[in-house]
């Protein structure tokens, strides 16, 4: 029941927890004070013969003390809730910070311990789950022990036996909780594990949705997500059934225990053992003995989710961090490698490598893809600490160096550097926080990207998560500029120019060469022409350093290096070795436009902002009734279950209310004042019966409600992923993946509040109100009128007022949660950069600030919830006093007798349970409605390219672009005719392609060349119909692509993006994405064509070897070849390849390009984008794209 370690993690929460308990106790004492004052007044009528008129006067005289008690109670309820909220916030902030700092300390290797999706959910949703534990459960735990003892002490002097019986029943509730806990940890862990798995699968799908759509595998993945969603629903129902059984037992104890105390008090009153003033408090306060413990039981089941999440948190926090030394490293000496080995699991990738790299030299690491080059670079850069052997820099072993000094000494520029969401300035300042704008622009100029930056918003241009709004080449050059700003003694460039054009590569090569002398420079290269001038070349072959020397020395030895060098000539010779070889022709020629029109091959900073603005302006402002109406529409197929839930809930709520009502009848019968014709025994039997059936009825109601809720949540997840399939990739570019995971997990989970705790409670409140009104109407129309006003104020006016007071706070809260998820995912994906540039503390601080911002929004919402709760409680007590006063006046007037009035008042007092459930919805439902609005926004969003199902099916007979113009700003769907003039101007000013016309005849290969960001990749996306052109037409087989059935179009196309996406799983599973029913022979044949056979043979489990998250256990070249194997396996007639050989060595490039050429000879039509002349030499035609125009 109490997690000591969790409590010890957040000592800051202790004062708030104590304060919450204290205020809860004060509220209880205020309630007891009201009860004692009423008992004295009513006791005067019963035992002292006081007239009703005098009792009315006594009640009037006590008005001020009663009002003061009500105010104190309301204020205490509010302050108790606020103190709990503050404790919850301190817990969330502290735990979230601890987890993030731990993940940062683990570095990129955290994925070996916990998948990224789980890390995000644990640090965001897991931390949020602790709100209930710290803000509700812990204060209630202490109060639940304090409250019954307080009541017993106050009551035992006047009604010893009933008080003792009530106190004796209280421990049954924690005993039932303890019994549940035997299985609770296991079931709770299964639930949280299933929840994390669902989030992880969804993150995988969203990150790889473009790949899935290319191969029409998104439907299969959709089915997998639905299956995982069903497993989560089943796990949730198991957890729920366990919880409901416990709640059923607790309800039995609460209501039967209360009934027992009331019955004993009534019988003792009948025998004269106690007086009315002693019996009345028992009836009035009987449930107060149990409600704190019952409330604890309810919170326990919610807090269990937090405790299950905490065990995942402890697993992360307990993960051993890489051992760090304490020696400061300056990086100025030689680098000495002695017997260095490294393995990924059972797969050895580096084997006893030894070499010396002189300080100030330029050294190249070359070799076939997968030979260990990047692994060795990572070891030198301190990214892979689990190496064997010795690595010394200036005589200092890397293991002995402090992490901070190692990161200052060595800067690694990886193949795929990461850019964080924010501005370009933010990303550059990460490397040198004090740099001036002049210094930043100078670094950008050195990497040939300054002109692009100046044309697209300057240093304040918007960068999307991962830099997805930049082309691959632009992203690489920005990352290199950031590295230059770091100015470390040692630089390691791991294929840092693989995606840039030849002119930029030459300029960057000069920058790298200029670093040598003052800096030690290590270059991992596949383009051997770029490292001819290196002081030393290390040739790695299957994890070993096979050769070393200068370019000339290695050519003279005629070894591995010479083979790679000569393979380029062989590659070119093969490309032209055809009987009727023709010169490569120009496929089109138009004049280039002014360079100032150049834009990024993706959403540039301005267009990204325009896109966001357009989407925001297109968002429908949804009212609460419209959201609820839309969500209610999904319930129709389950209407039968809903009716059963309402029936069981109504009866159960009535029985709960009639336990004290029949107790009041029993007291009157014990005094010889029978009301409603019931005697003492009959009243006691009815009281006991109500206490017994309440638990099973509540169990049935909740089971029905949650069955409905979890069925619908699974259905909504199905709808959401279906919508994402339609929107991808165009409408998802620039949208944070973490935010999407938050939507499909926590936002959809919050809809449970609507389906399980809103619809039936409103219906139950209406049914119960009718029943109570009918009963009171039979006693007195005036009393019924007072009750109706009270019910209307609490059940209608208060929730509407609370909802209006909350305004848009709920939406802000949910959007804040989405931002948190996006920020954490962004931070974890860029963990290498954060560590490299010592940005962990700043990033952690930013997370804390974002947590505080979201917490401030949540605090506003919770203040209103607390205020609503306090006001509701005060209104109920005030209404009770008004009802009592008017009833006594009617008794004084002779309209009704005292017994009937007493029973009517007691029934009214106990009738607010159903109405209170509705009154809380005004504030508590705001986040749920906001989540519903976010889900509906996604479901209602129009795709940029609507999939066609009623068009034409075609057989591939060539493709063409006819006068095509395109702008990402113009691609934002703002409703067609509703496009604003500003949007049109933005589109015209940022054209990516401008009046492009070209043809791709069957059986030909066309190479598209041009500077990074010139529009090459955009052309491929238009051919795939990921986007539609703003002007002109894309045709396939002579038919406008917009009139071709999407399934038919995709069945004829295959597309390999610059960055091959690999899913968590095995190599086989990643290949089967392209062809689900491929045989083993077909898989091996595709691997052979992609030059993967040698790698597969080396892998411990062959095709069934798991790849790490995002393929991190494979080299860039190996990942790229798996992408190519998918292309070969898919066997589509129209193949689009974006930089297919950028990460390949010369030998593998030759092998792969020969396979691609053989593919063309089999009648395939191939369009490839490449910066490599050797790759383009295979093409029949070439296109040169400059500033969106062909030349």
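Residue numbers (our numbering): -12 to 1178.
The C-beta atom is built at its ideal place from N, Cα and C for all residues, glycine as well.
Alpha carbon of residue i to alpha carbon of residue j, nearest angstrom
i: residue 687; j: residue 872; result: 38 angstroms
i: residue 1163; j: residue 926; result: 43 angstroms
i: residue 83; j: residue 277; result: 35 angstroms
i: residue 127; j: residue 424; result: 55 angstroms
i: residue 254; j: residue 146; result: 12 angstroms
i: residue 923; j: residue 759; result: 38 angstroms
i: residue 899; j: residue 648; result: 13 angstroms
i: residue 353; j: residue 802; result: 47 angstroms
i: residue 1007; j: residue 213; result: 31 angstroms
i: residue 565; j: residue 1167; result: Only weak support exists for where residue 565 lies, its pLDDT of 43 falling under 50; the coordinates are left without a value.
i: residue 61; j: residue 815; result: 45 angstroms
i: residue 222; j: residue 911; result: 26 angstroms
i: residue 275; j: residue 893; result: 15 angstroms
i: residue 1064; j: residue 1054; result: 15 angstroms
i: residue 119; j: residue 286; result: 7 angstroms
i: residue 778; j: residue 751; result: 13 angstroms
i: residue 500; j: residue 358; result: 24 angstroms
i: residue 469; j: residue 165; result: 57 angstroms
Sequence-distant residues of the same chain with beta carbon closer than 7 angstroms to residue i, five excluded per side
i: residue 315; result: 389, 392
i: residue 773; result: 869, 870, 873
i: residue -10; result: 294, 297
Nearest candidate by alpha-carbon position, reference residue i, set the options
i: residue 257; options: 1001, 941, 653; result: 653
i: residue 1106; options: 183, 1135, 671; result: 1135
i: residue 1014; options: 333, 715, 413, 70; result: 715
i: residue 104; options: 71, 56, 185, 46; result: 185
i: residue 708; options: 517, 735, 696; result: 735
i: residue 121; options: 202, 334, 7; result: 7
i: residue 995; options: 1109, 330, 539, 1126; result: 1126
i: residue 746; options: 509, 692, 1039, 797; result: 692
i: residue 268; options: 1113, 664, 1069, 651; result: 651
Start and end residues, beta strand (DSSP E) containing residue i
i: residue 101; result: Neither: residue 101 is in no beta strand (DSSP E) and is coded neither H nor E.
i: residue 870; result: That residue, residue 870, is in no beta strand (DSSP E); its alpha helix (DSSP H) goes 827 to 879.
i: residue 44; result: Note, residue 44: premise wrong, no beta strand (DSSP E); alpha helix (DSSP H) at 39 to 48.
i: residue 994; result: 992 to 997
i: residue 540; result: Run containing residue 540: none in the beta strand (DSSP E); it sits in the alpha helix (DSSP H), 538 to 544.
i: residue 1121; result: 1121 to 1125
i: residue 1040; result: 1040 to 1043
Sequence-distant residues of the same chain with beta carbon closer than 8 angstroms to residue i, five excluded per side
i: residue 724; result: 190, 193, 194, 452, 809, 812
i: residue 176; result: 295, 298
i: residue 377; result: 323, 324, 325, 326, 327, 384
i: residue 319; result: 346, 381, 476
Enclosing alpha helix (DSSP H) for residue i [first to last residue]
i: residue 892; result: 885 to 896
i: residue 322; result: Element bounds for residue 322: not the alpha helix (DSSP H) but the beta strand (DSSP E), 322 to 331.
i: residue 608; result: Element bounds for residue 608: n/a, residue is neither H nor E.
i: residue 693; result: 667 to 714
i: residue 235; result: 205 to 258
i: residue 909; result: 908 to 911
i: residue 334; result: Note, residue 334: premise wrong, no alpha helix (DSSP H); beta strand (DSSP E) at 334 to 344.
i: residue 1009; result: 1003 to 1010
i: residue 391; result: 390 to 396
Chain B contact for residue i (CB, 7 angstroms cutoff)
i: residue 618; result: Annotation note: the requested chain B is absent from the structure, which comprises a single protein chain.
Proximal residues to residue i (C-beta, below 6 angstroms), its chain only, five neighbours per side dropped
i: residue 196; result: 715
i: residue 116; result: 292, 293, 296
i: residue 820; result: 405
i: residue 604; result: The predicted model places residue 604 with a pLDDT of 43, which falls under 50 and marks its position as unreliable, so this point remains unresolved.
i: residue 677; result: 642, 645, 646
Three-pair Cβ contact test at 8 angstroms for the segment 85 to 94 versus the segment 12 to 23: no
Given 8 angstroms, three or more beta-carbon pairs between the segment 884 to 893 and the segment 631 to 638: no
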